[in-house]
Amino acid sequence: MEAKLLKCLVIRNDLAEAALEIRNKGLYLAIAHLKTAFIGFHNLSDFETSIRLLYKDHRELSAGYAAIAPAVEFFSYLRNKFTGHLTDELLHKAIEWKPELLLTLDREHDASVVLIYNFWILETAINSYVDPDEKHKLFGTETDFNHPPDKDRFVETLLTTLDGAVAFLQSVEAALKTLVTVPEDNLELWKKAGLTDFAYIKGKKR
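Under numbering that gives the first Met the number 0, the first residue of the sequence shown carries the number 0, and numbering increases by one thereafter.
Here you go:
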């Protein structure tokens with residue numbers, strides 16, 4: 000349970016920091032924290048499957064996650080397609096969606112222009128989140144950040160989900176702390192630390 004509690008604390012902090020920065024800076028200037036949020040949501044999705052045994056004694060946790068689960072799945076998808084793996088498939092579709100992108104690629108490097116590219120690519124990833132019938136799974140229409148209602152819809156969904164995720168993780172933290180005992184024999188911990196052998200970490204164990 001110690002590792003689960005540690006994971007809970009790290010994910011919660013990442014999501015809380017992302018929410019704070021996005022609120023303070025606005026969506027565009029907080030691009031790095033936006034990507035951090037997507038990673039945090041992906042980690043949360045994985046983490047939630049590993050702590051479902053807690054739901055037996057803490058039914059409120061299940062209800063808390065159910066309220067944000069569809070949006071968490073959406074933001075985890077954005078992590079996979081936009082942040083974690085910037086695929087050629089997505090980039091080709093972004094160039095199709097935003098012809099301005101192709102027409103400006105020969106300019107000198109400009110961070111402000113690349114920032115705009117990021118959001119055009121993000122729009123493309125958002126709009127690719129469709130069901131087998133090509134209907135948008137979370138939003139009812141395509142997203143274009145130049146259209147203020149679309150941008151507001153995305154930001155509101157993002158911040159609401161961040162807040163819900165942080166609240167969920169706070170509750171999980173409280174439940175896990177009742178199952179974790181801090182050892183009294185600190186000397187043995189230091190001895191064990193001195194004998195630590197490191198090896199390449201293969202695969203992923205949750």
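Glycine is no exception: its CB is placed at the ideal position from the N, C-alpha and C atoms.
Among the bridge pairs identified by DSSP, residue 171 is matched with none. For secondary structure counted as the alpha helix (DSSP H) over 4 or more consecutive residues, the stretch 99-147 holds these complete runs in sequence order: 110-126. The count of Cβ pairs closer than 8 Å, one atom from the stretch 58-68 and one from the stretch 95-114, stays below three, leaving the stretches out of contact. For residue 42, the enclosing alpha helix (DSSP H) has its first and last residue at 30-49. Closest option to residue 49, judged by alpha-carbon separation, among 3, 188, 129 and 13: 3. Leaving aside the five residues that flank residue 31 on each side, none in its chain has a CB nearer than 6 Å to its CB.
Taking a cut-off of 8 Å on C-beta distances, the stretch 110-119 does not touch the stretch 14-25, as fewer than three cross pairs fall below it. Of the other Cβ atoms in all chains shown, fewer than 16 fall within 10 Å of the Cβ of residue 173; this residue is therefore exposed. The continuous stretches of alpha helix (DSSP H) do not include residue 79, and DSSP gives it neither H nor E.
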